[in-house]
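All remarks here apply to the structure that follows.
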Amino acid sequence: MYSLFRPLLLSGLRPGLAARGHAPLRLNRPRPLHASPIQRSSNHDPGEVSVDEEEPIRLEDEGEYEIILPLDEFSTAKAIRTVPTRIQRPPYALAENVRRFKETGDFEQGYRWSEYDGRIMVGTVEERKLRRAADLARRVLRYAGGLVQVRAQKFMFYVPRFISLSKEGVTTDAIDAAIHKFIVSNNAYPSPLLYKGYPKSCCTSVNNILVHGIPDDRPLRNTDIINIDVTVYLDGFHGDTSKTFLVGDVDRIGRDLVQTTEEALEAGIRVCGPGRPYRGIARAIHGVLQGKDFVVCPAFTGHGIGTVFHRPPWIFHDGKQGTATVH
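Residue numbers (UniProt numbering): 1 to 327.
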């Protein structure tokens, strides 16, 4: 059920950008921020941010945290992490399909929409496999939360002996490497890896990055918030979940953002049940937001999951779901 809400994003007074690289700018209340022009790389999506390169970007300063911009100051490692051949891969990660995607852009999900229903009957082998995948994703996410640390922290939780991380401030790339090893050690495949060419084993979205941030060599710092998005592929089924963690002394707006998002998540889950309309999820979420300085980001939806990473039902958070109901 949590997979339906994973992409639910609440954006408040922190600006949101989808970015490939990370570049820091320290904000101190209450002055506005003038950022340097964006340095676009070849794979930068011009639809994400439109800017005259001779004009500075003006961002309102609300909160004490580091703005992450799509610059190249922090690099993303180019090497793809390896997965033992004994581990089952989703169709898109098979060598021939990876090669075809690179050459033609043709992405292989492993099914045909016209033939795929995606429903899983309760009490079946499929349900048990899905639950095992979801349980592993939960354990990976709990482990990932223990990797979030800064200089002031004295210890970590859930760190296996074969992983050593610096206490000076762990990088998101190091978090990705640790998550990769944890998943593989449980005989599962990290679903994001090679999904439409994605180069990492998890997504790490820091501060103003709304979703699907790519791990890089920027160290986490005091006042950061970070969403870690974990998906595993185990025995033919995906398990998907995410959580936002506080790093050190996060400001009031950041804490309120995370708390409100969790409250909205729980409200949406409570209205789910057989025969209940999907649009009730959006209504419950918006009920939590009444009187708060946060809004739902309309650019992303929730999704179903199973043998396919992203599949129906698509969960819209604007309440315009029609008469479709939970089965």
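We treat Cβ as the ideally placed atom computed from N, Cα and C, and that holds for glycine. All values reported here derive from a predicted model rather than from experimental measurement.
With contacts defined by Cβ atoms closer than 7 Å, residue 170 and residue 220 form a contacting pair.
Around the beta carbon of residue 178, 16 or more other beta carbons lie within 10 angstroms, which makes this residue buried. The region 264 to 284 makes no contact with the region 243 to 253: fewer than 3 CB pairs, one atom from each, lie closer than 8 Å. Counting only residues of its own chain and dropping the five nearest sequence neighbours on each side, residue 212 has a CB closer than 6 Å to the CB of 203.
For residue 86, there is no enclosing beta strand (DSSP E), as DSSP gives it neither H nor E.
Counting only the Cα atoms, residue 189 lies some 15 Å from residue 305. Residues of the same chain with a CB within less than 6 Å of the CB of residue 127, apart from the 5 flanking positions on each side, are 120 in chain order.
A Cβ-Cβ distance of about 26 Å is found for the pair residue 218 and residue 260, leaving them out of contact under the 8 Å criterion. Just measuring C-alpha positions, the residue of 148, 317, 227 sitting nearest residue 279 is 317. Taking C-beta separations shorter than 6 Å and ignoring five residues to either side along the sequence, the partners of residue 309 in its chain run 191, 238, following chain order. The residues 88, 129, 307, in chain order, have a CB closer than 8 Å to that of residue 236 in the same chain once the five nearest residues on each side in sequence are set aside. Residue 95 and residue 194 have their alpha carbons spaced roughly 10 Å apart. The closest CA to that of residue 258, considering only 283, 312, 245, is found on 245. Contact between residue 303 and residue 315 holds, with the beta-carbon distance rounding to 7 Å and staying under 8 Å. Residue 291 counts as exposed, since fewer than 16 other beta carbons sit within 10 angstroms of its beta carbon. With respect to the C-alpha of residue 80, the residue from 208, 65, 98, 225 having the closest C-alpha is 98. Residue 200 is positioned such that its CB atom lies closer than 7 Å to that of residue 214. Measuring C-alpha to C-alpha distances from residue 143 to each of 243, 233, 122 identifies 243 as the nearest. Take residue 176, set aside five residues on each side of it, and the residues of its chain with a beta-carbon closer than 6 Å to its own are 200, 201, 202, 215, in chain order.
Residue 90 counts as buried, since no fewer than 16 other beta carbons sit within 10 angstroms of its beta carbon. Within its own chain, the residues whose Cβ lies closer than 7 Å to the Cβ of residue 84, once the five positions on either side in sequence are excluded, are 184, listed in chain order. Less than 7 Å separates the beta-carbon of residue 207 from that of residue 224. DSSP, read as helix, strand or coil, puts residue 63 in coil. Of the residues 264, 295, 294, 241, the one whose Cα lies closest to the Cα of residue 281 is 264. Minimum Cα-Cα distance from residue 232 among the listed residues 268, 134, 181, 148 corresponds to 134.
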